[in-house]
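Undergrad: Structure incoming, see below.
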Amino acid sequence: MAQRGYPVTLTERSSEPFADACSRYAGAMLAPYCEEEAAEALIRDLGVRSIELWSQTLPGFQPMGSLVIAQPRDRGELERWSRMTTGHSRVDAKQLAELEPDLAERFSQALFYEGEAHLNTPRVLDFMLEAVRKAGVAVAFGSTELPPHDLVIDCRGLAARDDLPRLRGVRGERALIRTREVFLSRPVRLLHPRFPIYVVPWGEGEYLIGATQIESEETGPATLRSALELFSTAYA
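Every letter in the sequence shown is one number past the one before it in numbering that gives the first Met the number 0, and letter 182, counting from 1, is 181.
Written out as structure tokens, the structure is:
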């Protein structure tokens, strides 16, 4: 909107950028086809469009696709996931070795979503803040006061419950690890009996592992159970 000449103000309650934003905890997977497993076609279409926009906006953005795998005991989950989603091709062990050599000896097949992508969350948030400022957006941190306006886009999350009483919280726990023993170039989603667990490469040996999906508004540290599930997946 700012690039099209409209005056825009970004008002943020926290005094520091992203201090209270759930966005900084995101895995930043752009996975419109995988989202089909539990979402309507509109979500897929908007996600595909978002990848196009990132390609036009973010310097160095290079979609690498994503992989979905399952342990032999959960092979039925892989078949179900294949039926529920589009945009994928089935790859065997040889093809998997070409995509991700470190997975080749552990899994005999996978689903490859060539049209998906991922981002490094901290870097992208910094880029976005700089980009909106360059576009002429007035950024007001530590404020809840709205300037004179014709349109308000409400991105407060649960803080908007006064206006949207049906909002509910879903807690997602994650782990960020550093290792030089594994190299992945694209997100890998492991189908798990309780929830799919994903590993997202952030570069320089950093990997984000997530995420639980718990109907809760608790904002404290990750629970022991969730941490064990995330780290056992990382170890496997």
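Cβ coordinates follow ideal geometry from the N, Cα and C atoms, glycine included.
1) Return the CA-CA distance between Gln-94 and Leu-110, expressed in angstroms with no decimal places.
2) Which residues in the same chain have their Cβ closer than 7 Å to the Cβ of Gly-202, if we skip the five residues on either side of it in sequence?
3) If I measure Cβ to Cβ from Asp-162 and keep anything under 8 Å in the same chain, skipping five residues before and after, which residues do I get?
4) So Ile-213 and Val-169 are in contact, right, with Cβ under 8 Å, and what is the actual spacing, rounded?
5) Report the residue from Ala-134, Tyr-24, Cys-33 and Pro-164 whose alpha carbon sits nearest the alpha carbon of Pro-241.
6) Output yes or no for whether 7 Å exceeds the beta carbon distance between Ala-233 and Ile-208.
7) Using the Cα positions of Thr-8 and Val-198, report the straight-line distance between them to the nearest angstrom.
8) Hey, Arg-69 and Leu-57: beta-carbon distance below 7 Å or not?
9) Nearest CA to the CA of Asp-101: which residue from His-191, Val-181, Phe-194 and Arg-193?
10) Does the beta-carbon distance from His-148 to Ala-27 come in below 7 Å?
11) Under the DSSP definition of a beta bridge, which residues are partnered with Phe-111?
12) Whole angstroms is fine: what's the gap from Ile-176's alpha carbon to Pro-6's?
13) Anyone know if the C-beta pair for Ala-30 and Glu-115 falls short of 7 Å?
14) Taking only runs of the alpha helix (DSSP H) that begin and end inside the segment 92 to 167, which ones reach a length of at least 4 residues, in chain order?
TA: This is what the structure gives:
1) 11 Å
2) Asn-119
3) Asp-153
4) 7 Å
5) Any question about residue 241 goes unanswered here, given that the chain covers just 0 to 235.
6) yes
7) 35 Å
8) The residue asked about is misnamed: residue 69 is Ala in this sequence, not Arg. No, they are not a contact pair.
9) Val-181
10) no
11) Leu-66 and Ser-88
12) 41 Å
13) yes
14) 92 to 98 and 120 to 133
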